[in-house]
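Engineer: This is the structure, below, for whatever I ask next.
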Amino acid sequence: MTKKTHDLKRIRTTPLDAVIIGTGAYMPERILTNDELSTMVATSNEWIESRTGIRERRIASPEQASSDLGAEAARRALANARVQADEIDMIVVATITPDMGLPNTGCLIQQKIGAHNAFCFDIEAACSGFVYALEIASQFISNGTVKTALVLGAEKISCITDWKDRSLCVLFGDGAGAAVVQARPAGTGGVIHTIMRSDGRLGDLLMLPGGGSRHPASHDTVSHGLHYMKMDGREVFKHAVTCMTSVAKDVLTACGLKVEDLKLIIPHQANMRIVKAIGDRLGGKPEQYFVNLDKYGNTSAASVIVALDEASRKNHLKKGDLVLLVAFGGGFTWCASIVEWCHG
Ligand code: COA
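Using the numbering used here, you'd call the opening residue of the sequence shown number 29 and step up by one each time.
Right, here's the structure in full:
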């Protein structure tokens with residue numbers, strides 16, 4: 029037998045629960061209504077509302093980047109959780125609109141809020157981003173590596189929107205949301221189970237082709253509009269409905285739950301017709317589906333956490349309630365999570 033030359037300290041402990049102890053959101057002040065959009069492109073309030081359910085969206089000011097929106101959402105989440113910035117061990121930001129390629133948005137938010145003890149990174153899973161990030165944080169927490177995490181979705185989608193493309197520019201908006209997630213003894217609640225899926229074969233249906241290493245920024249990429257999102261709306265619609273429905277059913281089955289057991293379902297806030305189509309397939313009552321997309325449009329990675337924060341602040345959730353988060357985005361990526369509410 030080889031002689032032991034070290035005294036390895038086993039850091040990982042028994043699994044812990046990852047519990048959301050506070051949330052916050054920040055939506056830019058500027059409201060862009062459907063009527064105002066109708067003066068910019070050939071559309072109408074009637075067309076947008078009947079096809080999407082969206083009435084208005086928020087647009088960040090030219091001085092505001094995603095980290096500014098995220099930092100304000102983070103401050104509100106920390107106040108809500110009664111946690112100090114220096115208690116945060118980890119910041120993970122879901123975004124497709126980072127301020128810049130480097131440094132990451134998490135580090136920029138860290139600096140803005142003074143969370144100097146955290147390690148920080150971004151993830152890119154498009155509109156599924158927040159749920160992916162929440163699961164990543166919850167894995168760090170459950171295995172004992174991290175005690176307190178700040179999880180954000182922060183987006184300035186207006187800067188990757190072609191304001192001449194009427195089939196796309198009516199759908200999106202800017203905003204940020206944040207959750208403080210902390211370790212609690214096993215059995216407390218929090219993130220119970222998450223399923224995350226992807227299918228890269230469908231990537232072409234929703235993409236932002238320019239500005240990366242495939243098509244680095246150049247006069248050409250700018251003149252061809254490659255820095256704007258491109259989407260096949262009809263195809264995305266179909267996949268969003270089937271993917272979100274199936275992953276929601278799978279996570280419910282995995283947890284031994286029925287739709288009736290859920291207090292709230294928080295779907296990605298893309299389009300009211302998508303939410304209704306999921307409702308037809310998944311079941312449950314209309315009042316179980318929380319929707320605020322009429323006010324904000326699709327805020328990509330921010331959408332689920334912004335909706336969860338609003339639901340919490342409007343007292344739709346109490347301790348012990350079960351919430352289903354379900355999202356879908358470019359990639360394609362999709363995911364569903366069951367969260368037991370322990371806050372408030
Ligand atoms: N205003 C007026 N007319 C518009 C328009 C607008 N803003 N956008 C498109 N149209 C027109 C089209 O040009 C088309 O005209 P045509 O028949 O003369 O060619 C007509 O409306 C129908 O277009 P179509 O694309 O078939 O509409 P739709 O019913 O599929 O609705 C979306 C379009 C984009 C609203 C819908 O496909 C959708 O919601 N897709 C999912 C998008 C999404 O949520 N993406 C993010 C997922 S994370």
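Cβ coordinates follow ideal geometry from the N, Cα and C atoms, glycine included.
Looking at Ala-355: is its Cβ nearer than 8 Å to the Cβ of Val-332?
Structural biologist: In the sequence shown, residue 355 corresponds to position 327, counting from 1. In the sequence shown, residue 332 corresponds to position 304, counting from 1. Yes, these two residues count as a Cβ contact at 8 Å.
Engineer: Check whether the segment 163-179 and the segment 96-116 are in contact - that is, three or more C-beta pairs closer than 8 Å.
Structural biologist: Yes, the segment 163-179 is in contact with the segment 96-116.
Engineer: In chain order, what residues of the same chain have a beta carbon less than 8 Å from the beta carbon of Arg-79, not counting five sequence neighbours either side?
Structural biologist: Here residue 79 is taken as the residue at index 51 of the sequence shown, counted from 1. Asn-299, Arg-301.
Engineer: Considering only DSSP beta bridges, list what Leu-234 is partnered with.
Structural biologist: By one-based count along the sequence shown, residue 234 stands at place 206. DSSP, once it has assigned bridges, lists Met-259 as partnering Leu-234.
Engineer: Would you say the beta carbon of Trp-75 comes nearer than 7 Å to a heavy atom of ligand 1?
Structural biologist: Taking the sequence shown and counting its residues from 1, the one referred to as residue 75 is at position 47. Because some heavy atom of ligand 1 lies under 7 Å away, the Cβ of Trp-75 counts as near it: yes.
Engineer: With distance defined between alpha-carbon atoms, name the residue in Ser-66, Ala-154, Ser-246, Met-118 nearest to Ile-5.
Structural biologist: What the structure shows of the chain is the stretch from 29 to 372, and residue 5 is not part of that stretch, so it cannot be assessed.
Engineer: Could you check which residue in Asp-150, Lys-291, Asn-343 has the C-alpha nearest to that of Leu-352?
Structural biologist: Translated into positions along the sequence shown, residue 352 becomes position 324. Residue Lys-291 is the option with its Cα nearest to Leu-352.
Engineer: Return the bridge partner residues of Pro-295 from the DSSP annotation.
Structural biologist: Residue 295 sits at position 267 when you count from the first residue of the sequence shown. Bridge partners of Pro-295: Val-354.
Engineer: So, at 8 Å on beta carbons, what are the nonlocal neighbours of Gly-218 in its own chain, with the 5 sequence-adjacent residues on each side left out?
Structural biologist: Working through the sequence shown from its first residue, we reach residue 218 at position 190. Answer for Gly-218: Asp-45, Ala-46, Val-47, Ile-48, Ser-166, Val-209, Arg-212, Val-367, Glu-368, Cys-370, listed in chain order.
Engineer: Within the continuous beta strand (DSSP E) that includes Phe-149, where are the two ends?
Structural biologist: In the sequence shown, the residue the question calls residue 149 occupies position 121. Here the beta strand (DSSP E) through Phe-149 covers 147-151.
Engineer: So Arg-83 and Thr-51 are in contact, right, with Cβ under 8 Å, and what is the actual spacing, rounded?
Structural biologist: For the purposes of this step, residue 83 is identified with residue 55 of the sequence shown, where counting begins at 1. For the purposes of this step, residue 51 is identified with residue 23 of the sequence shown, where counting begins at 1. Actually they are not in contact, since the Cβ atoms of Arg-83 and Thr-51 sit about 24 Å apart, beyond 8 Å.
Engineer: Just to confirm my understanding: we take Thr-222, look at its own chain, exclude 5 residues before and 5 after, and list those with CB closer than 8 Å. What are they?
Structural biologist: By one-based count along the sequence shown, residue 222 stands at place 194. Result list for Thr-222: Val-159, Leu-162, Glu-163, Ser-166, Val-279, Cys-363, Ala-364, Ser-365, Ile-366, in chain order.
Engineer: Between the segment 249-263 and the segment 302-318, do at least 3 Cβ pairs fall closer than 8 Å?
Structural biologist: Not touching, per the Cβ criterion.
Engineer: Go ahead and pull the three-state DSSP assignment for His-144.
Structural biologist: Here residue 144 refers to the residue found at position 116 of the sequence shown. Note: His-144 maps to coil in three-state DSSP.
Engineer: Sort out for me which residues DSSP pairs Gly-203 with in a bridge.
Structural biologist: Residue numbering aside, residue 203 sits at position 175 when the sequence shown is read from its first letter. DSSP, once it has assigned bridges, lists Glu-183 as partnering Gly-203.
Engineer: Quick one: Cα of Gly-228 to Cα of Thr-33, how far?
Structural biologist: Locating residue 228 in the sequence shown gives position 200, where the first residue counts as 1. Locating residue 33 in the sequence shown gives position 5, where the first residue counts as 1. Those two C-alpha atoms are separated by around 46 Å.
Engineer: Just the Cα atoms here: how many angstroms apart are Leu-336 and Asp-349?
Structural biologist: To locate residue 336, count along the sequence shown from 1; it is residue 308. To locate residue 349, count along the sequence shown from 1; it is residue 321. In a straight line, the C-alpha of Leu-336 is about 13 Å away from that of Asp-349.
Engineer: Classify Thr-33 as helix, strand or coil using the three-state DSSP reduction.
Structural biologist: Looking up residue 33 in the sequence shown gives position 5. In this structure, Thr-33 counts as coil in the three-state DSSP scheme.
Engineer: Out of curiosity, what's the CA-to-CA distance linking Val-287 and His-243?
Structural biologist: Taking the first residue of the sequence shown as 1, we reach residue 287 at position 259. Taking the first residue of the sequence shown as 1, we reach residue 243 at position 215. Answer to the nearest angstrom: the Cα atoms are 44 Å apart.
Engineer: Do three or more CB pairs link the segment 182-200 to the segment 340-348 at distances below 8 Å?
Structural biologist: Too few Cβ pairs lie closer than 8 Å, so no.
Engineer: Return yes when the C-beta of Gly-218 is under 7 Å from any heavy atom of ligand 3, and no when it is not.
Structural biologist: Questions concerning ligand 3 fall outside what the structure shown contains, since the ligands it does hold are ligand 1.
Engineer: Looking at Met-272 and Leu-234, is the spacing between their C-beta atoms short of 8 Å?
Structural biologist: The residue given as residue 234 occupies position 206 in the sequence shown. The residue given as residue 272 occupies position 244 in the sequence shown. It is not a contact, given that the beta carbons lie outside the stated cut-off.
Engineer: How far does the beta strand (DSSP E) with Val-219 in it reach, from first residue to last?
Structural biologist: Counted from its first residue, the sequence shown places residue 219 at position 191. First-last of the beta strand (DSSP E) with Val-219: 218-226.
Engineer: For Val-263, collect the residues of the same chain with a Cβ closer than 7 Å to its Cβ; drop the 5 residues on either side in sequence, then sort them by chain order.
Structural biologist: Start at 1 with the first residue of the sequence shown, and residue 263 comes out as number 235. The amino acid at residue 263 is misidentified as Val; the sequence shows Glu. Taken in chain order, the residues that qualify are Leu-233.
Engineer: Assuming Val-363 is part of the beta strand (DSSP E), what are its boundary residues?
Structural biologist: For this step, residue 363 is matched to residue 335 along the sequence shown. In the sequence under discussion, the amino acid at residue 363 is Cys, which differs from the Val named in the question. Segment 361-368, the beta strand (DSSP E) holding Cys-363.
Engineer: Apart from the five residues on each side of it in sequence, which residues of its chain come closer than 6 Å, Cβ to Cβ, to Gly-357?
Structural biologist: Walking along the sequence shown from the start, residue 357 turns up at place 329. Within the same chain, Gly-357 has close Cβ partners Ala-154, Cys-155, Ser-156.
Engineer: Along the chain, where does the beta strand (DSSP E) that runs through Ala-46 open and close?
Structural biologist: Walking along the sequence shown from the start, residue 46 turns up at place 18. Element bounds for Ala-46: 45-54.
Engineer: One question on the structure: do Glu-152 and Ile-124 come within less than 8 Å of each other, judged by their Cβ atoms?
Structural biologist: Translated into positions along the sequence shown, residue 152 becomes position 124. Translated into positions along the sequence shown, residue 124 becomes position 96. Going by C-beta atoms, Glu-152 is nearer than 8 Å to Ile-124.
Engineer: Quick one: what does DSSP say Ala-102 is sitting in, helix, strand or coil?
Structural biologist: Within the sequence shown, numbered from 1, the residue matching residue 102 stands at position 74. Helix, per DSSP.
Engineer: Look up Leu-97 in the DSSP assignment and say whether it is helix, strand or coil.
Structural biologist: Reading the sequence shown from its first residue, position 69 is the one you call residue 97. If DSSP states are grouped into helix, strand and coil, Leu-97 belongs with the helices.
Engineer: Evaluate the contact criterion for the segment 95-111 versus the segment 313-328: three or more CB pairs, one atom per stretch, below 8 Å.
Structural biologist: No contact exists between the segment 95-111 and the segment 313-328.
Engineer: Specify, as a first and last residue, the run of the beta strand (DSSP E) that Leu-60 falls within.
Structural biologist: Your numbering for residue 60 matches position 32 in the sequence shown. Segment 59-61, the beta strand (DSSP E) holding Leu-60.
Engineer: Under the criterion of a Cβ to heavy atom distance below 7 Å, does Phe-158 qualify as lining ligand 1?
Structural biologist: As a working mapping, residue 158 is identified with position 130 in the sequence shown. Not under cutoff, so the answer is no.
Engineer: Could you give the first and the last residue of the continuous beta strand (DSSP E) run that contains Glu-84?
Structural biologist: Against the sequence shown, residue 84 aligns to sequence position 56. Segment 84-86, the beta strand (DSSP E) holding Glu-84.
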